[in-house]
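Number of protein chains: 2
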Amino acid sequence: MHQQAIDKAKAAPTHFDMQESFVRQLDARITHHLSQLSPAPARLIDAASDAMGSGKRLRPYLLHLVAGDVADRDAVLDMAVALEMVHTASLIVDDLPSMDNAMLRRGRPTTHARFGEATAILTAIGLLNHAISIANGVAGLADGQRGALVSILSGVMGWQGLVAGQELDLHGFSDRDGVDDGPLDRITRINALKTGALLCAAVEAGAILGGRPDAERSLLRRFGEDLGQAFQIADDLIDMLSDSAATGKDCRKDVGKETYLAVYGAEEALRRCRGLLASADAALVGAGLSPEPFRCMIDAIFTPMLDRVPQAQAASAAR
Amino acid sequence: MHQQAIDKAKAAPTHFDMQESFVRQLDARITHHLSQLSPAPARLIDAASDAMGSGKRLRPYLLHLVAGDVADRDAVLDMAVALEMVHTASLIVDDLPSMDNAMLRRGRPTTHARFGEATAILTAIGLLNHAISIANGVAGLADGQRGALVSILSGVMGWQGLVAGQELDLHGFSDRDGVDDGPLDRITRINALKTGALLCAAVEAGAILGGRPDAERSLLRRFGEDLGQAFQIADDLIDMLSDSAATGKDCRKDVGKETYLAVYGAEEALRRCRGLLASADAALVGAGLSPEPFRCMIDAIFTPMLDRVPQAQAASAAR
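Chains as they are written, first to last, in full-length UniProt numbering: chain A, 1 to 319; chain B, 1 to 319.
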């Protein structure tokens, strides 16, 4: 018995192993879906494959964790690919010359830097659209569930999602946009649209595929929202305090933008980021999900980001 | 009896009246759907409203004619708005500085000329996405029918639709794109993707909403395809032979592009355009649809376009 317990502990995969295994399956499914794009123009497929070729796969893994083991494996993988396509398209759009004009992303040339602006725009539209097509065709679901998945994706992209967030981020709020409660309100709203919406979409799609009860949904939504706010603050901290070699993308693109960091300073931003992560964790526990794999994933993302902040501050002060 | 017949003839609305009446209803529905975009950023709504504010409404009217009187009125109007949103978004994208770089469309400044490139791109994505959202929520349909409408829209935008057509139009075919049957094959394929696909989508969505039998579908598809090819040739003729004052958009943007007109000359293009319209008409009659309102609409579009060609040729020869 004792030896058996040791063997079992040895053989039990860690959360890190499970995440790695999921990402491998996801990458194979992404390759499969990209192969379905033919006979689209080869150059568009090249651009889409290049853009989809790397990434933390955070949103797909969140979907997978929330959906849990009861969900249909193929349905989870397909919807995970759809979410990653929407995320990738939003990065292509953000990086365009008329937007952030970024040349580097994930340590490699951005899509427009490599394939030109027109092809980058068409690739982003193609990916957004293909994500809808995948959600609309997820196998093994009732039609109503497919409709709900399509609705989640079109919601997250659109006028109350990524497109709105990007417009406000670029051009600010006008008098007609009804936001007059100061910088915190404006920053929170943009971050919710640009980052929180897609994390919430991953969580909500997971809840549908996993058949989670409606009572859990509002807590799961809060988990996604808090995680999104925390993620954006951490991203701003890294952008401000690091260099491109460390982040794999153009840095200090946010100079002059109204971010939590710019308004409240690094120490307060770090404090708020940790507070949001604690709130996200409480929502998760409240929703009755086993928090361990989520905590493992969140630690793996945030700890290296947040640990770098005091070092960078110290280095910056010493210069 | 005789007087009654005269009164009836007087009172009977013409096809032109019926088209006008439909377009009025459609415009009201467009206004309704645009009002639903709030609380999106006001600037984005302005850009969307401006772009959607005019147009021939050809695709919505085609949908309406194919759907017929048996179809649910609200479902037809909603889907008609969705089609017009996709069409408008495709024009915004075509006109972008990185694509055709056009400053004039429908006699007014293009979206990027008026609102800037970034907002134009975001508006186009927002409209494409909202079209999906409308199709996914059309009332009074079975879930499976809604799924079919979403599938039609995502098909027409995507990798085997508008995005592919625009990429090939801008950058041409590569060796890997499997088109080596000469210019006619290349031109036909680009026109099918850029123009035919959306006309076919209108016709197919009309067939679904009108509950048309499957047996009619392939003839209706041929009608849409032929009409699309004819429309693109007529558009190329007008682009080459007219000026911006007559067309309401930038002219001679196609110089150097491989079009039917450029390869075969104006007379042959005119002949082929008329042949395609005859073929479209035969498909329509074959599908058992009452052809009169379609003919009336097609005449109203094509006659002024095609009549201008010989005049413009004569004027051009006299210069």
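Just so it is clear, CB atoms sit at the ideal spot from N, CA and C, and this is done for glycine as well.
Which residue's Cα is closest to the Cα of residue i: the options?
i                      : options                                       : result
Ala-192 of chain A     : A:Asp-175, A:Gly-165 and A:Arg-212            : A:Gly-165
Arg-57 of chain B      : B:Ala-28, B:Arg-43, B:Arg-221 and B:Ala-80    : B:Ala-80
Asp-185 of chain A     : A:Met-305, A:Gly-68, A:Val-263 and A:His-87   : A:Val-263
Leu-199 of chain B     : B:Asp-181, B:Ala-48 and B:Gly-155             : B:Gly-155
Arg-272 of chain A     : A:Met-297, A:Leu-227 and A:Gln-313            : A:Leu-227
Gln-36 of chain A      : A:Asp-78, A:Leu-122 and A:Thr-14              : A:Asp-78
Ile-121 of chain B     : B:Gln-311, B:Leu-104 and B:Leu-96             : B:Leu-96
Leu-196 of chain B     : B:Met-52, B:Arg-221 and B:Gly-288             : Going by the sequence as given, residue 196 of chain B is Gly instead of Leu. Cα-wise, what sits closest to Gly-196 of chain B is B:Arg-221.
Thr-31 of chain B      : B:Leu-276, B:His-64 and B:Asp-50              : B:Asp-50
Phe-223 of chain B     : B:Pro-13, B:Leu-63 and B:Ala-47               : B:Leu-63
Leu-261 of chain B     : B:Cys-296, B:Arg-295 and B:Val-309            : B:Val-309
residue 325 of chain A : B:Arg-73, B:Arg-24 and B:Asp-46               : Here chain A covers residues 1 to 319 and nothing more, so residue 325 of chain A does not appear.
Leu-237 of chain B     : B:Gly-210, B:Lys-257, B:Glu-225 and B:Ala-266 : B:Ala-266
Asp-100 of chain A     : B:Ala-280, B:Ala-118, B:Met-240 and B:Met-99  : B:Ala-118
Ile-233 of chain B     : B:Gly-210, B:Arg-189, B:Ile-152 and B:Gly-211 : B:Arg-189
Gly-158 of chain A     : B:Gly-137, B:Gly-161, B:Ile-132 and B:Gln-160 : B:Ile-132
Asp-72 of chain A      : A:Ser-174, A:Phe-22, A:Pro-183 and A:Gly-210  : A:Gly-210
Ser-279 of chain A     : A:Ala-230, A:Pro-213, A:Asp-27 and A:Asp-239  : A:Ala-230
Arg-108 of chain A     : A:Gly-53, A:Val-76 and A:Ala-142              : A:Gly-53
How would you write the range of the alpha helix (DSSP H) that residue i sits in, first residue to last?
i                  : result
Arg-176 of chain A : First-last for Arg-176 of chain A: undefined, no H or E at that position.
Ala-266 of chain A : 266 to 286
Glu-117 of chain B : 117 to 136
Glu-258 of chain A : Run containing Glu-258 of chain A: none; DSSP gives neither H nor E here.
Gly-144 of chain A : 143 to 157
Arg-189 of chain A : 183 to 191
Gly-206 of chain A : 197 to 209
Indicate whether at least one CB of chain B lies closer than 8 Å to the CB of residue i.
i                  : result
Leu-83 of chain A  : no
Val-150 of chain A : yes
Val-138 of chain A : no
His-130 of chain A : yes
Ser-98 of chain A  : yes
Phe-16 of chain A  : no
Ser-49 of chain A  : no
Ser-174 of chain A : yes
Ala-300 of chain A : no
Glu-225 of chain A : no
Glu-167 of chain A : yes
Asp-177 of chain A : yes
Arg-146 of chain A : yes
Ile-238 of chain A : no
Gly-68 of chain A  : no
Ile-125 of chain A : yes
Compare the C-beta of residue i with all C-beta atoms of chain A and state if any pair is closer than 8 Å.
i                  : result
Val-86 of chain B  : no
Met-1 of chain B   : Residue confidence is low: Met-1 of chain B scores 47 on pLDDT, short of 50, so the model does not pin down where it sits. Its coordinate-derived value is still stated next. False, the Cβ-Cβ gap to chain A never drops below 8 Å.
Pro-109 of chain B : no
Thr-119 of chain B : yes
Ser-154 of chain B : yes
Pro-183 of chain B : no
Leu-44 of chain B  : yes
Asp-143 of chain B : yes
Leu-122 of chain B : yes
Gly-171 of chain B : Per the sequence presented here, residue 171 of chain B reads as His, with Gly not at that position. It does; some Cβ of chain A falls within 8 Å.
Ala-40 of chain B  : yes
Ser-35 of chain B  : no
Met-157 of chain B : yes
Ile-187 of chain B : no
Gly-211 of chain B : no
Just to make sure I have the definition right: I need the residues of chain C whose C-beta is within less than 8 Å of the C-beta of residue i. Which are they?
i                 : result
Gly-53 of chain A : The displayed structure is made up of protein chains A and B, and chain C is not among them.
Just checking, does the stretch 141 to 152 of chain B make contact with the stretch 103 to 117 of chain A on the three C-beta pairs under 8 Å criterion? no
Suppose only complete runs of 4+ residues qualify. What are the alpha helix (DSSP H) ranges in the stretch 214 to 245 of chain B, listed by chain order? 214 to 241
Is the number of C-beta pairs between the stretch 115 to 133 of chain A and the stretch 54 to 69 of chain A that are closer than 8 Å three or more? no
Does the stretch 155 to 174 of chain A come into contact with the stretch 36 to 45 of chain B, if we say contact requires no fewer than three beta-carbon pairs (one atom in each stretch) closer than 8 Å? yes
Segments of 3+ residues assigned as beta strand (DSSP E) that fall wholly inside the stretch 21 to 50 of chain B: none
Taking only runs that begin and end inside the stretch 65 to 103 of chain A, name each unbroken alpha helix (DSSP H) of 4 or more residues, in chain order. 73 to 95
Evaluate contact between the stretch 283 to 302 of chain B and the stretch 211 to 219 of chain B, counting only Cβ atoms and requiring at least three cross-stretch pairs below 8 Å. yes
How about the stretch 86 to 103 of chain A and the stretch 17 to 31 of chain A: do they share at least three Cβ pairs that are nearer than 8 Å? no
Taking 8 Å as the cut-off, does the stretch 64 to 71 of chain B touch the stretch 200 to 207 of chain B (at least 3 CB pairs, one atom from each stretch)? yes
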